[in-house]
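Encoded as structure tokens, the structure appears first; notes follow it.
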Amino acid sequence: MPKPISRRAAAAGLSGALALPTALRAQGAVFDRDVAIVGAGAAGISAAKELLRLGKTFVVLEARDRVGGRMFTDASLGAPFDAGAVYIHWAERNPWKSVAEALSVATIDNDSTPTLSRFYDHGAPAAQRGGERENSAAIDNLFDTDAAPVPDVSMSERVADLGEPGRRGAEAIARLALGDEPENISALDYARLWSGADLLVPSGYGALAQTFARGLDKRLSSPVNAIDYSGAGVSLETPAGRVRARAAIVTVPVGVLKSGAIRFTPGLPASTRDGLNGLDMGALTKIGLKFDGARFGIEPATDLWDRLGPRASFDFECWTWDRDLIVAYLGGDHARGLVGQGERAAIETALDELTRIIGPAARKRFVRGVLHGWCVDPLSMGCYSHALPGHADARAKLAAPVAERLFFAGEATGGEGFGGAMTAGGAFLAGQAAARAAALA
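Position one of the sequence shown corresponds to residue -4 (my numbering), numbered consecutively onward.
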């Protein structure tokens, strides 16, 4: 889901669906499955695949009426675009690359699809600011070398010595790659992230997840409201009934866990709570705008970067894959404020700003739009996680097993040293690791 700046069924079968036929007995306890997986996003899907490989029984309980979570290819405008995750980051070791190859789904190296950039200040043409390339390199050097010397301070504090150019550079990375303000993001957490080649999936990253999940034992439209791990195994409450398992893998986003949407009995241990409290969710937002075929003299794969002020900007990504779509990206407090006004207002605001750049023809040739504001989606509560300044150890705390039968996995806990955090690839790796641990419960 990150957009790189500097680094590259319905309820089908629900009637009785949770009256699971398999009964597993251990020390007097009866279990429906070896493992219950909460959430069918990247981590949940990969955990299920790994348990299948290990010969363990499982069920995936998903609150949405689809799989994929924040991997979602939206085709509601007549042409698909990834409303969530876009890039197979650090493809050299990202398992989604192998999944795409196994399913014969085409991918394209991001570097082979160069992007043209135009710069604007509130719709007025602006030159690329002097020294921006050099400053970008300086910012990269502060984060992309060995993470060991990077202090656990905010991104803003980390770039303070670079002055105004450093501040602007950090804001661009934070808002449009991480979805939040740089003062809210741990520099050390960001420095730990892996980098490498990025691949794109023209047919849709979310669509790839949908295909990969086919055939898994999953129950859609089945939110988990409570998890009791006080006795033998784990008991999970859903609107359709209770599921008992030896262990549970919880893959719902950090924002949902922090909201209290799932009640745990007993309450989560202090270390796990500290981990959650040390993480927050960004607000990277996308607004899809459909046009009637007019291109306004703009070449495909052109980005229109529009700075509205010191804390607000749009990136309009035009005609990707030669489709009649412009996707507006925004993040941080600007996104939270706009999304809070509702879909209609958000679309109108994006279209108004695009009209400043293109002219009145933009509004005349506009067909319809759609908002994907993950920060107000009750099943995500944000785009993906970042550690707060001073809390770079939060991911490790969240990843620690609870009572040897409750495991948390997702983009928040992904990859060795958490280098895969914030990505669908990291979530995949976290799901695999949790499945291996849960299989021993």
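Every residue, glycine too, gets a C-beta built ideally from N, C-alpha and C. What you are looking at is a predicted structure, and each value in this text was computed from that prediction instead of being measured.
Relative to P144, the option among G174, T110, Y185, E166 whose CA is nearest is Y185. Residue nearest to F291 within the set D269, A307, D212, L320 is L320 (criterion: CA-CA distance). Under the three-state reduction of DSSP output, Y200 falls in the helix class. Counting only runs of 4+ residues, the alpha helix (DSSP H) found wholly inside the region 298 to 353 occupies 327 to 334, 338 to 353, in chain order.
Within 10 angstroms of the beta-carbon of R306 lie fewer than 16 other beta-carbons, which makes it exposed. In the DSSP assignment, L183 falls within the alpha helix (DSSP H) that extends over 182 to 186. Y82 and G36 have their C-alpha atoms spaced approximately 16 Å apart. A residue is called buried once 16 or more other Cβ atoms fall within 10 Å of its Cβ, and N220, having fewer, is exposed. For G283, the secondary structure class from DSSP, reduced to helix, strand or coil, is strand.
Contact between A240 and D29 is confirmed by a C-beta separation of about 6 Å, below the 8 Å threshold. Residue burial annotation: E411 is exposed, with fewer than 16 other C-beta atoms found within 10 angstroms of its C-beta. The continuous alpha helix (DSSP H) containing G270 extends over residues 265 to 272. Here K213 is bridged, per DSSP, to V55. Looking at V229, N105, E57, the one whose alpha-carbon comes closest to that of A433 is V229.
If you draw a 10 Å sphere on the C-beta of V249, you find 16 or more other C-beta atoms in it, and that means buried. Counting only residues of its own chain and dropping the five nearest sequence neighbours on each side, V334 has a CB closer than 8 Å to the CB of A278, T280, A341, L366, G368, C370, V371.
For L47, the enclosing alpha helix (DSSP H) stretches over residues 37 to 48. The distance from the Cβ of D116 to that of R351 is about 10 Å, inconsistent with a contact at the 8 Å cut-off.
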